[in-house]
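Residue 383 in the working numbering sits at position 385 of the sequence shown; the count goes up by one each step and never skips.
We put the CB at the ideal spot given by N, CA and C, even for glycine.
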Amino acid sequence: MLRNVYLPPFEAAVDAGAATVMSSFNEINGIPASGNKFLLKEVLRDELQFDGFVVSDWDSTEEMIAHGFARDKKHAAELSANAGMDMEMNSTCYEDHLKQLIEEGKFSEQELNEFVKNILRIKYRLGLFENPHRDKTHTGNYYAEAHMHEAKKAAIKSSVLLKNKDVLPLDKNTKVALIGPLAHAPHEQLGTWTFDGEKEHTITPVDAFKAAKVNFNFAAGFTHSRDRSNKGFREAIQAAKASDVILFFGGEEAILSGEAHSRAYINLPGEQEALIEELAKLNKPIVLVIMAGRPISVSKIMDKTDAILMAWHPGTMGGEALYDMIYGIAEPEGRLPVSWPKTAGQLPYFYNHKNTGRPASAEEFMEMDSIPVHAWQSSLGNDSHYLDVGFTPQYPFGYGLGYSEFRYEDLSISKDTIGFNEEITIKAKLTNVGKKPSTELVQLYIQDVIGSITRPVKELKGFQHVYLKPGASKEVSFSIASKDLEFVNHEMVKAAEAGKFNVWIGENAGSGLKTDFYLRE
């Protein structure tokens, strides 16, 4: 799993020239990363040929004591040093004990020299010895217009439209109510780990709508996202009554997401769901805009909303980006980089999961409330599902809507069998059947049906952004070679294996046109 799932992105980063690598807090096969010789030397140095330097995560060397892997700080220094960690961050295990470890023969001066060389090599590449000082002519303008433009573009490209019952984009003459704890929360909009974030530069939705002279009413309803009071409900409901459409900006404030900020319940915190339920009684369209650092369970309020837009924590220019998307000046371009769960009880949930010996199916699944009383124990098939939420996510990996509709058809494959030195081409016709120009993210998935180790039900192998005007069509093609079918087997050999492969071209991991081909010896 390390080599088939987790390592490839790091390998790509090293190949792209990453200068440094951080050893994490967590353990791999029972050995913390900051003391893991296999990981830092055999894999990173020998296999990936990494020649930058490795720095520990904050205190991760000393934290090996709490892990139960090191006796004390001296032992932690010995473990990290012999594992090949070049630089310690924040804790002082190296500073306090490395000299003594060398004197005792538990670590060598030669290896210390290698650490120093690794660090100096990167400093030389950065030009720090030729020019060690900052550019004194730098204006210090960290909010240049070009930078703000890029920040806004990033927010648009990452926002994911999850639901839209013909309510978005809005007409400019629509009178709207801006409600919710994130409608005007400049600090929270910046998200987690923004230690030097300057909230005074944040443009919130309220700021953007005000600048655009939109006819709107604003009532936050809450003091913050975790607010459990309903004192602001009345004002929010009055604002909604005086409007045509309700824009509810909900989610999590910045402190609720990020490192070590897990939640057992991932619904909207505080009383946000309760206010949405009250607003739904007005029978007016509700657009839910979520700002959060994680997918939020929306199963309880799905039927109360007409549109759902996931903005994550959109940053300084989030307000302007959201204004442009809500009014169709721009189109949400993001697609889900994770499977969106119905509830935290489904987690962990991965699109590329294994089948198990009893894979679930729509034909066999019976929802819990439909099970007859005193049903025979094996009457449900005993396959891999949850009795109460089924076996599919709320939204699949790769999912995301635009402001038009696309049709996939005419799937074709250049040949039904290829050898190890051949390529195959898979094509499909894509047509914009909607009324607006739009960009579709066409995705290619493959399944290795039978392997020497069990293989995922699907793996993303390619994607293309395709822009089409209404009525326009384009043939989209992908090429697959045997190298694209390789995986690391139980003998630690990376190779493709002969056999049958299923292939899909579609809009996300949960749908698409399907065909198959064979790889022969």
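Bridge partners - residue i, DSSP secondary structure assignment
i	result
I26	I29
W374	According to DSSP, which records beta bridges pairwise, W374 is partnered with nothing at all.
E473	K427
I416	L517
I411	I424
M20	V53
A479	E421
A507	DSSP output for A507 lists no bridge partner at all.
K492	V486
R405	T429
Y384	G388
L399	L159
S295	N265
K150	BP columns for K150 are empty, so no partner.
Y349	BP columns for Y349 are empty, so no partner.
K512	W502
Y393	W338
Delimiting residues of the alpha helix (DSSP H) encompassing residue i
i	result
H131	That residue, H131, is in no alpha helix (DSSP H); it is neither H nor E in DSSP.
K5	The question names Lys, but residue 5 is Leu in the sequence shown. Here the alpha helix (DSSP H) through L5 covers L5 to D13.
M323	G316 to I324
Start-to-end residues for the beta strand (DSSP E) that takes in residue i
i	result
Y465	E457 to L466
L159	V158 to N162
M308	A305 to M308
K498	G497 to G504
E438	S436 to D446
A209	That residue, A209, is in no beta strand (DSSP E); its alpha helix (DSSP H) goes P203 to A209.
Option nearest residue i by Cα separation, candidates the options
i	options	result
N487	R453, K282, D13 and V19	R453
R232	K151, V212, F220 and A309	F220
V204	A218, D49, H259 and L385	A218
F105	D84, I26, E361 and Q47	D84
K282	V296, N500 and A237	A237
V501	L517, K492, M490 and A493	L517
E86	V41, A373, V53 and S410	V53
A13	V296, F48 and R261	Per the sequence shown, residue 13 should be read as Asp rather than Ala. Ranking V296, F48 and R261 by Cα distance to D13 puts F48 first.
Q392	E403, Y347 and G400	Y347
M366	T190, F8, H136 and F389	F389
L166	I324, L466, A149 and P370	I324
R1	E45, T341 and P330	E45
P6	K512, A252 and F485	F485
L466	A258, E489 and E403	E403
T172	H185, Q187 and V212	V212
E36	A81, V296 and E251	Note on identity: in this sequence residue 36 is Phe, with Glu being the wrong assignment. Of the candidates A81, V296 and E251, the one whose C-alpha sits nearest the C-alpha of F36 is A81.
K413	T513, E60 and P312	T513
T423	I503, T437 and H222	I503
G256	A11, D169 and H311	H311
F193	P179, L176 and A252	A252
S410	A360, E198 and K425	K425
M(-1)	T200, N162 and H351	H351
E554	G326, E519 and K456	The question about residue 554 has no answer, for the chain in this structure spans -1 to 519.
Proximal residues to residue i (C-beta, below 6 Å), its chain only, five neighbours per side dropped
i	result
D55	M20, S22 and F23
Y397	L334 and N506
I448	G497
V174	F214, S241, V243 and L245
V41	none
T303	I284 and L286
L280	A238
G230	G219 and F220
K163	D304
Contacts around residue i, its chain only, beta-carbon distance under 8 Å, and the 5 residues preceding and following it disregarded
i	result
N380	R356
V459	The sequence shown places Lys at residue 459, not Val. Within the same chain, K459 has close Cβ partners L442, Y443, I444, F476, I478 and D482.
L124	A17
I120	A17, T18, G50 and F51
S157	L307, M308, A309, W310, P312, A319, L320, M323, P330, E331 and G332
Cutoff 7 Å; reference residue i; Cβ partners in own chain excluding five residues on either side
i	result
K427	E407, D408, S471 and E473
E9	L46
T341	S295, S297 and V387
K150	M315, E318 and A319
N34	I26 and A81
S450	N487, H488 and E495
Which complete beta strand (DSSP E) runs does the segment 213 to 293 hold, if anything under 3 residues is left out? 214 to 217, 243 to 249 and 284 to 289
Runs of alpha helix (DSSP H) lying entirely within the segment 52 to 137, each at least 4 residues, in chain order: 62 to 65, 71 to 81, 91 to 101 and 107 to 123
Starting from the N-terminal side, write out each stretch of the beta strand (DSSP E) that is 3 residues or longer and does not extend beyond the segment 166 to 205. 174 to 177
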